[in-house]
Amino acid sequence: MGTIYERIDERLRTFIEEQHIFFTATAPLAADGHVNVSPKGLAGSFAVLDDVTVGYLDLGGSGAETIAHLRENGRVTLMWCAFDGPPRIVRIHGTGEPVFRDDPRWEELLPRFDGSMQQRTDLRAVITVRAERISDTCGFAVPYMDYREDRPLHTQRFARETDESFARYCEKKEHVGVSLDGLPALPLPLPGRIR
Numbered sequence: 111m112g113t114i115y116e117r118i119d120e121r122l123r124t125f126i127e128e129q130h131i132f133f134t135a136t137a138p139l140a141a142d143g144h145v146n147v148s149p150k151g152l153a154g155s156f157a158v159l160d161d162v163t164v165g166y167l168d169l170g171g172s173g174a175e176t177i178a179h180l181r182e183n184g185r186v187t188l189m190w191c192a193f194d195g196p197p198r199i200v201r202i203h204g205t206g207e208p209v210f211r212d213d214p215r216w217e218e219l220l221p222r223f224d225g226s227m228q229q230r231t232d233l234r235a236v237i238t239v240r241a242e243r244i245s246d247t248c249g250f251a252v253p254y255m256d257y258r259e260d261r262p263l264h265t266q267r268f269a270r271e272t273d274e275s276f277a278r279y280c281e282k283k284e285h286v287g288v289s290l291d292g293l294p295a296l297p298l299p300l301p302g303r304i305r
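Adding 110 to a residue's 1-based position in the sequence shown gives its number in the numbering used here.
The structure is reproduced here in structure tokens:
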């Protein structure tokens with residue numbers, strides 16, 4: 111039987127931080143819009159910010175659906191599954207917001223993440239999510255899977271970028287500045303980082 115939590119207590123925090131992957135789900139308001147589900151999980155890119163707020167780093171890629179949906183309506187669900195140990199699924203339903211590189215909050219948020227992640231040139235935004243509902247369920251149907259390591263490909267690919275070349279990369283991608291449904295996504299030209 112599932113449990114509803116008022117806040118992210120130490121037990122929940124430990125579970126969330128031990129998982130190697132989580133999923134984000136967002137959708138536009140339009141009934142015919144594309145629902146988006148994305149896997150997230152590079153080590154050091156997620157943080158519990160307080161007992162009702164979490165954040166993760168939005169990194170370079172060929173789309174920006176989550177950002178577009180959050181800019182339009184803020185609705186988001188995050189989900190973690192236990193692929194080893196006791197079966198458990200944790201969900202945070204909440205309101206999300208992208209904090210872009212030129213936002214004064216950027217400097218306050220970035221130190222909450224791993225130092226190696228802070229230096230990446232492909233950081234596009236810090237996504238913050240304020241929980242409106244925190245719950246867990248049994249996860250009996252989630253399979254056992256073994257974690258080996260993070261794939262190095264994303265980090266290797268974007269390590270080649272400078273701030274300038276990454277900005278050009280973003281401008282060339284069809285669905286970075288605008289979503290699949292035509293919603294504003296990442297601001298382009300890419301805002302410079304506050305230093």
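Even glycine gets a Cβ: it sits at the ideal position worked out from N, Cα and C.
Under three-state DSSP, which class holds residue i?
i      : result
Leu355 : This structure cannot speak to residue 355, because the chain is shown only from 111 to 305.
Cys163 : Looking at the sequence provided, one finds Thr at residue 163 rather than Cys. Looking at Thr163 - three-state DSSP - the assignment turns out to be strand.
Leu233 : strand
Glu259 : coil
Thr238 : strand
Between residue i and residue j, which are expected to be in contact by the criterion C-beta below 8 Å, what is the C-beta distance as a whole number of angstroms?
i      : j      : result
Gly287 : Leu293 : 10 Å between Cβ atoms; not a contact.
Tyr166 : Ser155 : 6 Å
Val164 : Ile202 : 7 Å
Gly162 : Ile118 : The question names Gly, yet the displayed sequence has Val at residue 162. Going by Cβ atoms, the distance from Val162 to Ile118 rounds to 7 Å, so yes, they are a contact pair.
Could you please give the first and the last residue of the uninterrupted beta strand (DSSP E) stretch that includes residue i?
i      : result
Ala140 : From DSSP, Ala140 is part of no beta strand (DSSP E); its letter is neither H nor E.
Leu188 : Arg185 to Cys191
His130 : That residue, His130, is in no beta strand (DSSP E); it is neither H nor E in DSSP.
Pro208 : Ile199 to Phe210
DSSP has residue i in a bridge; who is on the other side?
i      : result
Tyr115 : Ile244
His285 : Gly173
Provide the residue span of the alpha helix (DSSP H) that contains residue i, from first to last.
i      : result
Ala225 : With the sequence shown as reference, residue 225 is identified as Gly, and Ala is not the correct amino acid for it. Per DSSP, Gly225 belongs to the alpha helix (DSSP H) from Gly225 to Gln228.
Glu218 : Arg215 to Leu219
(request) Indicate whether the contact test is met: 3 or more Cβ pairs, each with one atom in the segment 271-285 and one in the segment 164-173, closer than 8 Å. (result) yes
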